[in-house]
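Working notes, structure below.
Number of protein chains: 2
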Amino acid sequence: MSNYKNDYSNLNQFSEMFKALSNAYRLEIFLYLADYCRPGEMSTEEEMRVSVGELGSGLGIAPSTVSHHLKELRHAHLIRMERNGKNIECWVEPDTLDQLITFFKHAKEGN
Amino acid sequence: MSNYKNDYSNLNQFSEMFKALSNAYRLEIFLYLADYCRPGEMSTEEEMRVSVGELGSGLGIAPSTVSHHLKELRHAHLIRMERNGKNIECWVEPDTLDQLITFFKHAKEGN
DNA sequence: GTTATAATTCGATATATGTCGAATTATAAA
DNA sequence: TTTATAATTCGACATATATCGAATTATAAC
Chain L
13 MSNYKNDYSN
23 LNQFSEMFKA
33 LSNAYRLEIF
43 LYLADYCRPG
53 EMSTEEEMRV
63 SVGELGSGLG
73 IAPSTVSHHL
83 KELRHAHLIR
93 MERNGKNIEC
103 WVEPDTLDQL
113 ITFFKHAKEG
123 N
Chain P
13 MSNYKNDYSN
23 LNQFSEMFKA
33 LSNAYRLEIF
43 LYLADYCRPG
53 EMSTEEEMRV
63 SVGELGSGLG
73 IAPSTVSHHL
83 KELRHAHLIR
93 MERNGKNIEC
103 WVEPDTLDQL
113 ITFFKHAKEG
123 N
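Note that the protein sequences, when read in sequence, are chains L and P. End of the first sequence sits at 123 in our numbering; the numbers just go up one at a time, nothing left out. End of the second sequence sits at 123 in our numbering; the numbers just go up one at a time, nothing left out.
Set out below in structure tokens:
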């Protein structure tokens, strides 16, 4: 086990990502953001963001819990957040989806 | 949140997969199997399998813990196992890597 | 049949996680 | 400057998870 053909040097980084996506609420949030921010749909950078309140409103969990989940996603570098007035806007970390796609493609091809 | 543009109907199935991959040992095991079983490398189906003992030997954890982790991976439909004599052989569930690649590709493209 | 090997299950335990409501902070509006 | 809104942090709690060693099951070898 110790001598892998392929060096997954940042294995922990990915296991952290998967931990963040292992909760159904967090996965839902992440996919919502990924969907909401899909390129071509919105014209400006600002429009490709959504507030914490918007995210939490439909989930049926307390705002503090939403906040907790967002922190998990942020710490896994899956999303980014920025204050804009009273709201905190969230959006997917650029390149993250590509990283995940690449990760599994490499696993599939063995490199 | 409730009216997604895209229906991720099997969200739970994927969050279970990610939960299984959220542990560094399990991710290591999974990638090892994915690597070991990569197509073209082995000629026969049987050669594309590895025993539980082989998997656990390099991880530095108790056999019972390895067994537990394998069960998690199996329940998430990430791997398959089959007894062969005294050994239990493991290999990645065919199509799983494709499913994961597709999942993130769809998330990226918004469908 | 007895013994050895491979793996699983069980029970115990420590740690991590998800959740809430209350209290707090940051900003905008009145 | 007081009040309202959005979000986070904190403390508490219940549940889930990772881990081990001991006991158990399944198979093969003698």
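Quick reminder that beta carbons are idealized off the backbone N, C-alpha and C, glycines included. Since the structure is predicted, the reported quantities are computational estimates derived from the model, not experimental observations.
Q: Assuming I91 (chain L) contacts F42 (chain L) (C-beta within less than 8 Å), just tell me the rounded distance between them.
A: Looking up residue 91 (chain L) in the first sequence gives position 79. Looking up residue 42 (chain L) in the first sequence gives position 30. Correct: roughly 7 Å between the Cβ atoms.
(Q) DSSP three-state label for I73 (chain P), please. (A) Working through the second sequence from its first residue, we reach residue 73 (chain P) at position 61. If DSSP states are grouped into helix, strand and coil, I73 (chain P) belongs with coil.
Q: Return the first residue and the last residue of the alpha helix (DSSP H) that N24 (chain P) is part of.
A: Start at 1 with the first residue of the second sequence, and residue 24 (chain P) comes out as number 12. That run of the alpha helix (DSSP H) goes L23 to L33.
Q) What is the DSSP secondary structure of R92 (chain L), reduced to helix, strand or coil? A) By 1-based counting over the first sequence, the position of residue 92 (chain L) is 80. Strand, per DSSP.
Q.
Just to confirm, is the Cβ distance from E94 (chain L) to E101 (chain L) under 9 Å?
A. Taking the first residue of the first sequence as position 1, residue 94 (chain L) is located at position 82. Taking the first residue of the first sequence as position 1, residue 101 (chain L) is located at position 89. Taking 9 Å as the Cβ cut-off, E94 (chain L) and E101 (chain L) qualify as a contacting pair.
(Q) Can you tell me which residues form a DSSP beta bridge with V62 (chain L)? (A) Your numbering for residue 62 (chain L) matches position 50 in the first sequence. Beta-bridge pairing links V62 (chain L) to L:C102.
Q: Step through the CB atoms of chain P and report whether any lies within less than 9 Å of the CB of N35 (chain L).
A: Within the first sequence, the letter at position 23 stands for residue 35 (chain L). By this cut-off, N35 (chain L) is an interface position.
Q: Could you work out which residues of chain P lie near G97 (chain L), taking near to mean beta carbons separated by less than 7 Å?
A: In the first sequence, residue 97 (chain L) corresponds to position 85, counting from 1. Correct list: empty, because the minimum Cβ distance to chain P is about 22 Å.
(Q) Judging by CA-CA distance, which residue of L:T114, L:E105 and L:P106 is the nearest neighbour of L109 (chain P)? (A) The residue you call residue 109 (chain P) lines up with position 97 of the second sequence. Ranking the options by Cα distance to L109 (chain P), first place goes to L:T114.
**Q.** Integer-rounded CB distance, given that N99 (chain L) should sit under 8 Å from G65 (chain L)
**A.** What you label residue 65 (chain L) is simply residue 53 of the first sequence in a count that begins at 1. What you label residue 99 (chain L) is simply residue 87 of the first sequence in a count that begins at 1. Going by Cβ atoms, the distance from G65 (chain L) to N99 (chain L) rounds to 7 Å, so yes, they are a contact pair.
Q.
Buried or exposed, going by whether 16 or more other CB atoms sit within 10 Å of the CB of K17 (chain L)?
A. Start at 1 with the first residue of the first sequence, and residue 17 (chain L) comes out as number 5. Low confidence applies to K17 (chain L): its pLDDT is 33, below 50, so where it sits in the model is not reliable, and the reading given next is rough at best. Per the 10 Å Cβ criterion, exposed.
Q. In terms of alpha-carbon separation, which member of P:E40, P:W103 and P:A119 lies closest to P106 (chain L)?
A. The residue you call residue 106 (chain L) lines up with position 94 of the first sequence. Checked all of P:E40, P:W103 and P:A119; the closest Cα to P106 (chain L) is P:A119.
Q | Assigned exposure category for A74 (chain P) - 16 Cβ within 10 Å defines buried | A | Position 62 of the second sequence, counted from the first residue, corresponds to residue 74 (chain P). Under this definition A74 (chain P) is an exposed residue.
Q. Hey, how far is the Cα of R38 (chain P) from the Cα of M29 (chain P)?
A. The count along the second sequence starts at 1 and reaches residue 38 (chain P) at position 26. The count along the second sequence starts at 1 and reaches residue 29 (chain P) at position 17. Rounded to whole angstroms, R38 (chain P) to M29 (chain P) spans 11 Å at the Cα level.
Q: Give a yes or no on whether the C-beta atoms belonging to H81 (chain P) and N35 (chain P) are separated by under 9 Å.
A: Position 69 of the second sequence, counted from the first residue, corresponds to residue 81 (chain P). Position 23 of the second sequence, counted from the first residue, corresponds to residue 35 (chain P). Contact: yes.
Q. Looking at the unbroken alpha helix (DSSP H) that takes in D47 (chain P), where does it start and where does it end?
A. Taking the second sequence and counting its residues from 1, one reaches residue 47 (chain P) at position 35. A36 to Y48 is the span of the alpha helix (DSSP H), which, as asked, contains D47 (chain P).
Q) Got a sec: is the Cβ-Cβ distance from A74 (chain L) to anything in chain P below 9 Å? A) The count along the first sequence starts at 1 and reaches residue 74 (chain L) at position 62. No, no contact with chain P.
Q) Residues of chain L with a CB under 9 Å from the CB of I91 (chain P): which are they? A) Start at 1 with the first residue of the second sequence, and residue 91 (chain P) comes out as number 79. Correct list: empty, because the minimum Cβ distance to chain L is about 13 Å.
Q. Which stretch, first to last residue, makes up the alpha helix (DSSP H) that contains D110 (chain P)?
A. What you label residue 110 (chain P) is simply residue 98 of the second sequence in a count that begins at 1. T108 to E121 is the extent of the alpha helix (DSSP H) around D110 (chain P).
Q) Closest Cβ-Cβ distance between S79 (chain L) and chain P: below 9 Å? A) Along the first sequence, read from residue 1 onward, the residue named residue 79 (chain L) stands at position 67. Not an interface residue.
Q: Leaving out five residues on either side along the sequence, give the residues of the same chain with a beta carbon under 7 Å from the beta carbon of L45 (chain P).
A: Taking the second sequence and counting its residues from 1, the one referred to as residue 45 (chain P) is at position 33. If we look at L45 (chain P) and ignore the five residues flanking it on each side, its Cβ neighbours are V62, I91, C102, W103 and V104.
Q | Neighbour-count burial assignment, G68 (chain P), 16 or more Cβ in a 10 Å radius | A | By 1-based counting over the second sequence, the position of residue 68 (chain P) is 56. Buried, by the Cβ-count rule.
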